[in-house]
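Structure record follows, encoded as structure tokens.
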Amino acid sequence: AQKITQTQPGMFVQEKEAVTLDCTYDTSDPSYGLFWYKQPSSGEMIFLIYQGSYDQQNATEGRYSLNFQKARKSANLVISASQLGDSAMYFCAMSTGGGADGLTFGKGTHLIIQP
Amino acid sequence: DAGVIQSPRHEVTEMGQEVTLRCKPISGHNSLFWYRQTMMRGLELLIYFNNNVPIDDSGMPEDRFSAKMPNASFSTLKIQPSEPRDSAVYFCASRILAGGMNEQFFGPGTRLTVL
Chain P
115 AQKITQTQPG MFVQEKEAVT LDCTYDTSDP SYGLFWYKQP SSGEMIFLIY
165 QGSYDQQNAT EGRYSLNFQK ARKSANLVIS ASQLGDSAMY FCAMSTGGGA
215 DGLTFGKGTH LIIQP
Chain F
615 DAGVIQSPRH EVTEMGQEVT LRCKPISGHN SLFWYRQTMM RGLELLIYFN
665 NNVPIDDSGM PEDRFSAKMP NASFSTLKIQ PSEPRDSAVY FCASRILAGG
715 MNEQFFGPGT RLTVL
């Protein structure tokens, strides 16, 4: 069975600062994928970034980067130069089977960006 | 391009009634997922299909829940009979089942309230 742990229920960050959201995972499958999704107050689920377990380099998508440390089983999301619009719930998720299976989600981190 | 379409967006029903949630995946996507989100349990995978075939239904909570995918462009999730504890937001997501293409695109969700 796989498990995702997000230890930060909530975070307050000043606008324009960088943010790191923590995520650790556990699985016995050697082939898996790690995902981050954003859920604003409106409720939709927005895909941010993906990292495959065999990817050699950390994934980046614009202001988002994923700090993948395989030996520590961590997949932290880094948001550079935070903006007010980044305020939302952030979910870390994992999919085994090479990233093709359904997603197992963490409990989420509620990020609030303050002006 | 239209994203994942779910209907209805909101459903209020009384305990014991049958509820049917509908999903139209993105055209060309051949994997479809049903998730449920509650405050208590977070986001949970219920079932997913590859090429219209159910692959993993271990997340379906009880026999009261059933899901079908009669063709590549339509899926239903049925609850019969419904109970108050089924109240949740139900998300449908789809993706392309191909190497390296692991992003799941989520629909807007159906907010179900069972009185």
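From first to last, the protein sequence lines are chains P and F. Position one of the first sequence corresponds to residue 115 (the working numbering), numbered consecutively onward. Position one of the second sequence corresponds to residue 615 (the working numbering), numbered consecutively onward. Beta carbons: idealized from backbone N, C-alpha and C, even for Gly. The structure presented is a predicted model; accordingly, all values stated were derived computationally and were not measured.
Quiz item: Between S188(P) and N665(F), what straight-line distance do the alpha-carbon atoms span, to the nearest angstrom?
Solution: Position 74 of the first sequence, counting from 1, holds the residue named residue 188(P). Position 51 of the second sequence, counting from 1, holds the residue named residue 665(F). Near 32 Å, if we compare the C-alpha coordinates of N665(F) and S188(P).
Quiz item: Is the CB-CB distance between L225(P) and A202(P) below 9 Å?
Solution: For this step, residue 225(P) is matched to residue 111 along the first sequence. For this step, residue 202(P) is matched to residue 88 along the first sequence. Yes, the Cβ-Cβ distance between L225(P) and A202(P) is below 9 Å.
Quiz item: When burial is assigned at 16 or more other CB atoms within 10 Å of the CB, is E625(F) buried or exposed?
Solution: Translated into the one-based positions of the second sequence, residue 625(F) becomes position 11. It counts as buried.
Quiz item: Start and end of the beta strand (DSSP E) containing E658(F)?
Solution: In the second sequence, residue 658(F) corresponds to position 44, counting from 1. Taken as a continuous stretch (DSSP letters only), the beta strand (DSSP E) holding E658(F) covers G656 to N664.
Exercise. May I ask which residues mark the beginning and end of the beta strand (DSSP E) holding E717(F)?
Key: Within the second sequence, numbered from 1, the residue matching residue 717(F) stands at position 103. Looking at the DSSP string, E717(F) is not in any beta strand (DSSP E), and its letter there is neither H nor E.
Exercise. Classify P684(F) as helix, strand or coil using the three-state DSSP reduction.
Key: As a working mapping, residue 684(F) is identified with position 70 in the second sequence. Of the three classes helix, strand and coil, the one that applies to P684(F) here is strand, per DSSP.
Quiz item: Can the beta-carbon of S194(P) be found closer than 9 Å to that of Q128(P)?
Solution: Taking the first sequence and counting its residues from 1, one reaches residue 194(P) at position 80. Taking the first sequence and counting its residues from 1, one reaches residue 128(P) at position 14. Not a contact, by the Cβ cut-off of 9 Å.
Quiz item: Does the beta-carbon distance from Y151(P) to M159(P) come in below 9 Å?
Solution: Here the question's residue 151(P) lines up with position 37 in the first sequence. Here the question's residue 159(P) lines up with position 45 in the first sequence. Yes.
Quiz item: What residue from S167(P), R177(P) and Y178(P) has the CA that sits closest to F214(P)'s CA?
Solution: Within the first sequence, residue 214(P) is the residue found at index 100, counting from 1. Checking the sequence, you will find Ala at residue 214(P) rather than Phe. Among S167(P), R177(P) and Y178(P), the Cα nearest to that of A214(P) is on S167(P).
Quiz item: Using the beta-carbon count (16 or more within 10 Å), is A707(F) buried or exposed?
Solution: For the purposes of this step, residue 707(F) is identified with residue 93 of the second sequence, where counting begins at 1. Under this definition A707(F) is a buried residue.
Quiz item: Nearest CA to the CA of G222(P): which residue from N644(F), V618(F), I619(F) and M653(F)?
Solution: In the first sequence, the residue the question calls residue 222(P) occupies position 108. Of the listed residues, the one whose Cα sits closest to G222(P) is M653(F).
Quiz prompt | Separation of T218(P) from A616(F), as counted between CA atoms | solution = Position 2 of the second sequence holds residue 616(F). Position 104 of the first sequence holds residue 218(P). When rounded, the distance between both Cα atoms is 26 Å.
Exercise. Rounded to whole angstroms, what's the CA-CA distance from Q183(P) to D671(F)? Just pull it up for me.
Key: Here residue 183(P) refers to the residue found at position 69 of the first sequence. Here residue 671(F) refers to the residue found at position 57 of the second sequence. For Q183(P) and D671(F), the distance between alpha carbons rounds to 31 Å.
Quiz item: Applying a beta-carbon distance threshold of less than 9 Å, which residues of chain P neighbour Q646(F)?
Solution: The count along the second sequence starts at 1 and reaches residue 646(F) at position 32. A small correction: the amino acid at residue 646(F) is Leu; Gln does not occupy that position in the sequence shown. Going along chain P, no residue has its Cβ under 9 Å from L646(F), so there is no contact; the nearest lies around 10 Å.
Quiz prompt | R636(F) and R725(F) closer than 9 Å at C-beta | solution = Along the second sequence, one-based indexing puts residue 636(F) at 22. Along the second sequence, one-based indexing puts residue 725(F) at 111. Not in contact: R636(F) and R725(F) (Cβ atoms no closer than 9 Å).
Quiz item: Among E628(F), V618(F), H643(F) and G630(F), which residue has its Cα nearest to the Cα of I710(F)?
Solution: To locate residue 710(F), count along the second sequence from 1; it is residue 96. Per the Cα distances, H643(F).
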